[in-house]
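J.:
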Amino acid sequence: MRIIFAVIIILLTFTLAEAEMFQWIGEDGSVTFKDTPPPASKKRKKVKVYNDSDFAPAPSPEDVAEARAKAEAENRERRATAEAKTKAKAEAKAEAEAKAKAEAEDRREKAKAEDKAKFKPEEGARTRRDRLERAWEREKNIWINNDSHRPWNDRTGGLN
313 MRIIFAVIII LLTFTLAEAE MFQWIGEDGS VTFKDTPPPA SKKRKKVKVY NDSDFAPAPS
373 PEDVAEARAK AEAENRERRA TAEAKTKAKA EAKAEAEAKA KAEAEDRREK AKAEDKAKFK
433 PEEGARTRRD RLERAWEREK NIWINNDSHR PWNDRTGGLN
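Whatever position you read off the sequence shown (first residue = 1), add 312 for this note's numbering.
1) Helix, strand or coil: which one does DSSP assign to Thr-439?
2) So for Thr-344, helix, strand or coil by DSSP?
3) Starting from Pro-373, trace the alpha helix (DSSP H) in both directions and tell me its first and last residue.
4) Grab the span of the beta strand (DSSP E) containing Met-313 for me, first residue to last.
Below, the structure written as structure tokens:
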């Protein structure tokens, strides 16, 4: 009995594996699927029937975890590379700015030195600064020696 049952199951699986499906559209617009060919007057289309063996098995949880870990490692590496590039660009920009600032300062110092050499007064000649300093000294001496600027006059014993 078991042998007959096993043979019947094996024969049924062979017939299922070789099954063909056909599709056609009827005159009323309905779509028909059958395992027998349509009438000759109908335009027929063979439909592919998929079996479980046509598909890859689902990955195991270990494979999924390994793929995720690999993807995360690649993402970390990509981020680290991008951060290193960004940092290098920022350092290059800062270095270029510092160099430009130093060059500008050098040009400024050179221009000052040229101006100083160009407008150096002759020996014994008075410059505007000398004249201003001497005028300030004269005003300061007048102020110190004259008591009239004080609100209380010691000589007269009262207000001015």
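Built from N, CA and C at the ideal position, the CB exists for glycine as well.
T.: Taking the geometry as given:
1) In this structure, Thr-439 counts as coil in the three-state DSSP scheme.
2) Three-state DSSP puts Thr-344 in a strand.
3) That run of the alpha helix (DSSP H) goes 373-430.
4) First-last for Met-313: undefined, no H or E at that position.
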